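One structure is given here, and the rest of the page talks about it.
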Amino acid sequence: MIHPLRRAVLAAVPFSQHGSRMLTSFSAVGSLEASRDGGLMQRMARTEPVLHLIPSRNIHYWEREYKEVLAARKKKEMAANPERYTRPNPRYAFAEWNYKAELYAFGKRLGEEFDDGLLREALTDQSYIHTEREKQEKLGIDTSALEIKNNQELSELGAQVTKDALLQFFQKEIPQFPAEGHNALSKHLTSQQTLTEIATNLGFKDIILCAEYPPSEETYARSFLAIVGALQKSSGDERVEKFVIDFVASLLCGKDINEIWDVARPWHMMVDIAKQKGLYPVEPRLIREAGRNTIHAVYVVGVYDKDKQLLGKGIGETLDIAQEMAARDVLKEFFKTKDPMPPFEFQSANFPYKLVPHVRNIHK
Amino acid sequence: MVNLTLALFRNARPHSLDAFWKKRQTLKLSSHFYGRARNCWSIAIRRVQRALMYVTEGRKLRKVHMKDVWNDRISAGAQELGYLPEGDRTLLEGLARSNVLLNRQTLGNLAVMEPRTFESLNKIARVRANEEYMARTLGPFPKGVLGKL
Amino acid sequence: MSATKRVQQWLTFTRQWWLFDAKWQDPYKSATVITKYLKGGHKPIFGGGHMDCGDHVVVINSQDIALRGGDEWYYRVYFHHTGYPGGATWTKAWELHKIDPTMILWKACYKELDKNWSRRGRMLRLHIFKDEKIPVDIIPNITDQIPQLRAVPKRLKDYSQEEIEKFPKLFDFPKEHVLD
Chain B
1 MIHPLRRAVL AAVPFSQHGS RMLTSFSAVG SLEASRDGGL MQRMARTEPV LHLIPSRNIH
61 YWEREYKEVL AARKKKEMAA NPERYTRPNP RYAFAEWNYK AELYAFGKRL GEEFDDGLLR
121 EALTDQSYIH TEREKQEKLG IDTSALEIKN NQELSELGAQ VTKDALLQFF QKEIPQFPAE
181 GHNALSKHLT SQQTLTEIAT NLGFKDIILC AEYPPSEETY ARSFLAIVGA LQKSSGDERV
241 EKFVIDFVAS LLCGKDINEI WDVARPWHMM VDIAKQKGLY PVEPRLIREA GRNTIHAVYV
301 VGVYDKDKQL LGKGIGETLD IAQEMAARDV LKEFFKTKDP MPPFEFQSAN FPYKLVPHVR
361 NIHK
Chain L
1 MVNLTLALFR NARPHSLDAF WKKRQTLKLS SHFYGRARNC WSIAIRRVQR ALMYVTEGRK
61 LRKVHMKDVW NDRISAGAQE LGYLPEGDRT LLEGLARSNV LLNRQTLGNL AVMEPRTFES
121 LNKIARVRAN EEYMARTLGP FPKGVLGKL
Chain X
1 MSATKRVQQW LTFTRQWWLF DAKWQDPYKS ATVITKYLKG GHKPIFGGGH MDCGDHVVVI
61 NSQDIALRGG DEWYYRVYFH HTGYPGGATW TKAWELHKID PTMILWKACY KELDKNWSRR
121 GRMLRLHIFK DEKIPVDIIP NITDQIPQLR AVPKRLKDYS QEEIEKFPKL FDFPKEHVLD
């Protein structure tokens, strides 16, 4: 909870003095509040441009009457124009939003060297160009000279680069895992949902130029891939591989890769591989069971190879499920992805600040 | 009733003389109650005071209860494995003599969450027990573990 | 939840079925062991009694239980009151055992369990049979057996004549010695 006076102080400090994204959002809130108060607080606070943040969880008792007034005023205002409070409030709609500065800072935050034009192109969606053109035509400006490139081309390049880098990474880390599995993992990591997660965490929300706000999953995914493409054009293959491993592949942490790739017919696949390895004929056998005649029945099935050695075992509430789970267990054994699995090696040799990826260029 | 923590101390002596804020202090403590004891002042204050008395007792009982739970888990885990017929006493003694300084809480958690680690600890204790003749000679490790499904 | 985690959960919280042979066992000492399994206290996931992780126990040969030495069958008394004036009854253990040979063990387990709402549910998982005849639908459920508290002693009449004759003797009784 920021004291209202402090908020006004924040609003009074110009953007260039904040230098960080979090504080700018505070200042945004402050400026709104101040403008609703008629700017009185803002004018008062101009005499003392000092930055203080004193967080507190509770309501201070001396604020009670003040808050009652504010609440009543807000209620009245919301009743008067409700659409103003339900509509999302984009950061770029504020007057002091400096897109060029934000773009530069964004590139630096990622810890990479971008070509300015390419970075801007990567974050420009087709829908933005369309609306810009419409706007200008409405004003009677000739739009034939308007040349803005959208990020479609870069995103196609980025998708290819990302896929290649990921497959290379999987080939190094889990070589026993079949190519089909590598593709499934790559597909999972480059799905719209995953890329949206990455992009929102990297602060793409306000910096993407597009018609809708907040951007759709599709836009997030396309913009992120375009950033990868832009990096490939700006800094080359080596940097882009590290970028992909840092930001995309690292999302595999804490996930079970055997679950991401859903084997359709595990028993058949297991038998095929066992034949190649010379373990055939394999045989499923019931090892343990409990409560056969109850709804809580459980079976444990083991799979034995031709030398009667246990390859793996599975659990299930029916014999079929137990046998299938046993086959999955044997497959994990074949692929060397059985739990507990050693962690992935995400870090490369020239990675000075191992736990903080975004500061690695600062001390060079 | 001893007001040891800050929340309780405030309950004893509110910081404001304003009746609204004085009651807020108490109603915060009754916010998880069921029914009118949550919001109605005259019921809430009585229930809060009784609850604080239970809390004073519960602080001691919780420690006793948790120790019981850890002991149950350790002995159950050890008996399930069957490496140490005497159960948890041999396990704790064997680990202490092997310089494995894990307390009951950690061992109890390992028995539930990390069965493989717990099994290894049982093996260590068993080897030590055999070496130092702590229990009767245990012989080789049992092969199939029967009780565990 | 993934398939592997789901079946792991299923196995962790599944109910096992245990067999306990009550032949020549003290019902009260057996009850402490049986109720441990009914509560689930033999599992590491047991968390102080509020966890519903208890197992089923099938007890056989309850008619052959052994009460403690001396004449416990005569001095152990089970009290019951109908609720009406003069409705109190005191039944001796041997009488109760005659009426229902599973009752003493059932009461012992019931008394041993914690006095709370889960007691009835736990008792439903206890299946007591007076002899070795178990219903056919229960037999395949059984997973394992709880070891007896003490070995069943072999009586003299259980030995064959050959074994008795083979047994090393220090002396023979004279022929005119009368063994009653």
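Protein chains in written order, with full-length UniProt numbering: chain B, 1 to 364; chain L, 1 to 149; chain X, 1 to 180. Beta carbons are placed, not taken as given, at the ideal position from N, Cα and C, and that holds for glycine. Because the structure is a prediction, the values reported are computed rather than measured.
Check                                                                                                                                                                                                 : Outcome
Secondary structure at residue 295/B, three-state DSSP: helix, strand or coil?                                                                                                                        : coil
Indicate the three-state DSSP secondary structure (helix, strand or coil) for residue 108/B in the structure shown.                                                                                   : helix
Which value, in whole angstroms, describes the spacing of the CA atoms of residue 337/B and residue 147/X?                                                                                            : 39 angstroms
Are the Cβ atoms of residue 171/L and residue 55/L separated by less than 8 angstroms?                                                                                                                : Shown here, chain L extends from 1 to 149; a query on residue 171/L therefore has no answer.
Tell me where the beta strand (DSSP E) around residue 77/X begins and ends.                                                                                                                           : 77-81
Go ahead and pull the three-state DSSP assignment for residue 19/L.                                                                                                                                   : helix
Go through its chain and collect everything with a Cβ distance to residue 204/B's Cβ below 8 angstroms, but skip five positions before and after it.                                                  : 123, 215, 220, 223 and 224
Would the region 108-115 of chain X count as touching the region 29-36 of chain X if we require 3 or more Cβ pairs under 8 angstroms?                                                                 : yes
Identify each residue in the region 44-55 of chain X for which the Cβ-Cβ distance to at least one residue of chain L is less than 8 angstroms, and report them in chain order.                        : 44, 45, 46, 47 and 48
In the region 119-132 of chain L, which residues sit with their C-beta less than 8 angstroms from some C-beta in chain X, listed in chain order?                                                      : none
Is there a C-beta anywhere in chain X that falls below 8 angstroms from the one on residue 97/L?                                                                                                      : no
For residue 227/B, count neighbouring C-beta atoms within 10 Å of its own C-beta (all shown protein chains included) and say buried if the count is 16 or more, exposed if not.                       : buried
Quick check on the burial criterion: 16 or more other C-beta atoms within 10 angstroms. Buried or exposed for residue 39/X?                                                                           : buried
Going by the DSSP bridge assignment, what does residue 288/B pair with across the sheet?                                                                                                              : 300/B
Between residue 17/X and residue 290/B, is the Cβ-Cβ spacing less than 8 angstroms?                                                                                                                   : yes
Might you give, ordered along the chain, the residues of its own chain that have their beta carbon closer than 8 angstroms to the beta carbon of residue 256/B, omitting 5 neighbours on each side?   : 339
For residue 161/B, count neighbouring C-beta atoms within 10 Å of its own C-beta (all shown protein chains included) and say buried if the count is 16 or more, exposed if not.                       : buried
Between which two residues does the beta strand (DSSP E) harbouring residue 57/X extend?                                                                                                              : 56-60
Anyone know if the C-beta pair for residue 129/L and residue 138/L falls short of 8 angstroms?                                                                                                        : yes
Starting from residue 298/B, find everything on chain X with Cβ-Cβ shorter than 7 angstroms and list it in chain order.                                                                               : 10, 11 and 14
For residue 245/B versus residue 184/B, is the C-beta spacing smaller than 8 angstroms?                                                                                                               : no
Please work out which residues of its chain come closer than 7 angstroms, Cβ to Cβ, to residue 36/B, disregarding the five sequence neighbours upstream and downstream, and give them in chain order. : Because residue 36/B carries a pLDDT of 43, less than 50, the predicted location of this residue cannot be relied on, and the following value inherits that uncertainty. The answer is none, since no qualifying residue turns up.
Indicate the three-state DSSP secondary structure (helix, strand or coil) for residue 134/L in the structure shown.                                                                                   : coil
How many angstroms separate the CA atom of residue 92/X from the CA atom of residue 67/X?                                                                                                             : 12 angstroms
Would residue 64/L and residue 47/X qualify as a contact pair, given that the criterion is a beta-carbon distance under 8 angstroms?                                                                  : no
For residue 152/X, which residues of its own chain have a beta-carbon under 7 angstroms away from its beta-carbon, when the five flanking residues on both sides are left out?                        : 23 and 24
Can you look up residue 149/B in the DSSP assignment and give me helix, strand or coil?                                                                                                               : coil
Where are the beta strand (DSSP E) runs, 3 residues long or more, that stay fully inside the region 13-75 of chain X, in chain order?                                                                 : 17-21 and 56-60
Under the three-state reduction of DSSP, which class applies to residue 195/B: helix, strand or coil?                                                                                                 : helix
Which runs of the alpha helix (DSSP H), 4 residues or longer, sit entirely within the region 113-157 of chain X?                                                                                      : 118-124
For a minimum of 4 consecutive residues, which ranges assigned as the alpha helix (DSSP H) are wholly contained in the region 98-137 of chain L?                                                      : 104-113 and 115-131
What's the call for residue 253/B, buried or exposed, on a 16-neighbour Cβ count within 10 Å?                                                                                                         : exposed
Using a cut-off of 8 angstroms between C-beta atoms, extract the partners of residue 80/L located in chain X.                                                                                         : 42, 43 and 44
Quick check: what's the CA-CA separation for residue 28/B versus residue 94/B?                                                                                                                        : Summary for residue 28/B: the model assigns pLDDT 37, below 50, so the residue's position carries little reliability; its value from the coordinates is reported in the next sentence. Each residue's alpha carbon lies about 8 angstroms from the other.
Using the beta-carbon of each residue, which ones in chain B are nearer than 9 angstroms to residue 7/X?                                                                                              : 298, 314, 315, 316, 317, 321, 322 and 325
Quick one: list the residues of chain X neighbouring residue 77/L, beta-carbon separation under 7 angstroms, in chain order.                                                                          : 44
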